[in-house]
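> The opening position of the sequence shown corresponds to residue 445 in the working numbering, with each subsequent residue numbered one higher. All C-beta atoms in this analysis are idealised placements derived from N, C-alpha and C, irrespective of residue type, glycine included. Structure provided below as structure tokens; questions to follow.
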Amino acid sequence: MLVAVSGGPDSMALLHYLKERQTVHGWKLTVLTVDHQLREETSKQDVQYVINKCAEWGIECKNVSLNVPAHKEAYGQSTQVAARELRYRYFAQQMEELEADAIAFGHHGDDQVETVFMNLMRGVEPMHVHGMPVKRPFGGGELIRPMLSVTKADIEQYCVQYELHPRRDESNDEPTYTRNDFRLHVLPFLKQHNPRIHEHIQLFHEYIGEDFTYLMGEAEALFQSALFQKEVGRISFSRQDFLRLSRPLQRRSFHLILNYLYHEPPSDVTYHHWEQYIQLMEGEKAHTSFDLPNGLQVVRSYNDVVVEFRSRHSENDECFCYELAIPGATTTQERHFFETFLSDERTERDSHHFACDVSNISFPLYVRTRKPGDRIRLRGINGHKKVKDLFIDEKIPRSARTYWPIVTDANGQVLWVVGLKKAYVEKGKQSSTWLHLLYKNIEHF
């Protein structure tokens with residue numbers, strides 16, 4: 445079992461609780477702690493505190509430093525969103541590498557109350573209002589939250605009882621963050637009128653969650669049926685068939701469409717987008733459309749509905765070619781983002797992560813659009829395959845092929861048709877150094 449530990453009261457109480465019971469339950473604990481590079485020396489001191497405490501308790505500890513400021517700037521995200529995205533990506537990677545069964549988080553009952561009420565305040569889709577689940581699939585195992593039934597006050601009392609002396613994050617008291625403002629002003633008012641409000645919110649979460657699970661299963665079965673025609677970056681379906689569905693299934697199928705098309709659904713999709721979507725379906729206009737975040741567009745033409753990303757290019761646009769910073773980060777004008785680093789390990793996480801032996805490629809590397817005659821060497825086939833044929837086989841729309849990012853070395857060797865195929869690059873005879881490329885499209889091509 446992995447345990448996410450910041451050094452604060454919540455995660456330290458959780459770690460101590462699990463430590464005291466690991467022998468009885470046969471758990472092997474490994475702590476993951478993160479320096480987000482946000483609070484300079486204080487962050488480093490937090491990490492060192494966790495490392496020291498794990499050594500004292502005889503628990504394995506792994507730590508990592510994540511460049512949240514750079515990620516925030518590259519993707520135009522808030523500090524909290526950028527930190528969470530990088531942190532959870534690291535946790536998922538460790539889950540897979542260590543083949544862990546679960547990762548435990550220190551979220552508690554007060555956090556659950558905050559989450560539910562803030563979601564209501566933001567106007568998110570109703571299916572997302574119910575809050576944080578006690579457990580959910582994550583990184584090949586499960587993400588668990590054992591402390592959702594206890595309050596922050598319970599945790600503080602536990603820390604005093606067992607003399608844990610946790611670290612304190614002063615940023616948690618800054619009202620500049622919406623969640624902190626809620627925690628400092630709204631939550632005390634709610635608890636004044638009902639000190640056990642977290643129990644009622646947890647029951648609400650469980651009841652709504654059961655309904656959500658059932659209805660989502662029904663919607664997923666429909667989504668996999670012939671009703672929805674799915675292609676890369678595009679979904680089409682019949683408006684009449686959609687309107688025959690019950691409203692709960694309509695709403696959940698909309699959610700599944702977003703999950704399919706977005707690499708990661710943006711946080712600014714709200715209930716208002718659902719309202720626009722249903723108005724488009726039920727309205728009298730035969731030809732109409734509306735925009736979703738990050739260039740996704742819903743278009744209705746008579747009975748046909750298409751959801752796809754708008755082309756940001758025209759036939760006359762120039763192709764692009766950029767040299768990749770190694771190691772470092774590269775952001776193109778087309779909003780492609782590449783992060784590169786060297787490692788003695790090869791592990792690739794997904795189709796947006798490429799690794800190859802540096803001894804068999806020529807530097808510098810470039811990301812560019814395709815050229816006539818481009819070919820890629822693939823494992824398991826003789827010779828090379830035309831990139832043009834690869835696009836056809838993968839059913840990539842013509843409008844997307846011209847501007848699809850391709851990574852090559854200095855000799856023009858195609859290494860990676862991003863998100864589709866990775867070249868077969870032979871491993872060197874000596875101990876290898878691996879070049880890793882991580883890709884994300886900020887606005888989707």
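Ends of the alpha helix (DSSP H) at I641?
That run of the alpha helix (DSSP H) goes I641 to F667.
> Within 10 angstroms of the Cβ of T467, are there 16 or more other Cβ atoms? Answer buried if so, exposed if not.
Answer is exposed; the Cβ neighbour count stays below 16.
> Using a Cβ-Cβ cut-off of 8 Å (strictly less than) and excluding sequence neighbours within five positions of N507, which residues of its own chain qualify?
Excluding residues within five positions, the ones whose Cβ falls inside 8 Å are L476, T477, V478, D479, V491, V494 and I495.
> Does DSSP put V676 in a helix, a strand or coil?
DSSP places V676 in coil when its eight states are reduced to three.
> K829 bridges to which residues according to DSSP?
Its beta-bridge partners are I820.
> With a cut-off of 8 Å, do at least 3 Cβ pairs link the segment 862-881 to the segment 790-805?
Contact between the segment 862-881 and the segment 790-805 is present, because at least three Cβ pairs lie under 8 Å.
> What is the C-beta distance between I850 and R812, in whole angstroms, given that I count them as a contact (C-beta under 8 Å)?
I850 to R812, Cβ: 6 Å. Contact.
> With a cut-off of 8 Å on the beta carbons, I'd call E870 and N804 a contact; round off their distance for me.
5 Å between Cβ atoms; contact.
> For the pair the segment 709-726 and the segment 644-661, tell me if three or more CB-CB distances fall below 8 Å.
In short, these stretches do not touch, since the Cβ pair count stays below three.
> Taking the C-alpha atoms as reference points, what is the distance between M725 and V578?
Rounded to whole angstroms, M725 to V578 spans 36 Å at the Cα level.
> Shortest alpha-carbon distance to S669 belongs to which of F681, L659 and G677?
Considering only alpha carbons, the answer is F681.
> Whose C-beta lies closer than 6 Å to the C-beta of N511 among residues of the same chain, with five residues either side of it excluded?
The answer, listed in chain order, is Q481.
> Quick one: residues in its chain with C-beta nearer than 7 Å to the C-beta of Y606, no 5 flanking neighbours on either side, listed in chain order?
H460, listed in sequence order.
> State buried or exposed for D721, treating a residue as buried only when at least 16 other CB atoms are found within 10 Å of its CB.
Inspection of the sequence shows that residue 721 is occupied by Tyr rather than by Asp. So Y721 ends up on the buried side.
> Given a cut-off of 8 Å on the beta-carbon distance, is the pair K674 and Y715 in contact?
Going by C-beta atoms, K674 is not nearer than 8 Å to Y715.
> Looking at C-alpha atoms only, which residue of G583, E517 and F807 is the closest neighbour of V858?
Cα-wise, what sits closest to V858 is F807.
> Would you report the Cα separation of I641 and D554, rounded to the nearest angstrom?
Each residue's Cα considered, the two are about 9 Å apart.
> Counting only beta-carbon separations shorter than 8 Å, does Q741 have a partner in chain B?
Any reference to chain B falls outside this structure, which holds one protein chain only.
> Which residue spans inside the segment 544-604 form an unbroken beta strand (DSSP E) run of at least 3?
For the segment 544-604, whole beta strand (DSSP E) runs of length 3 or above, ordered along the chain, are 546-548, 579-582 and 585-588.
> What three-state label does DSSP hand N747 in the structure shown?
Coil, per DSSP.
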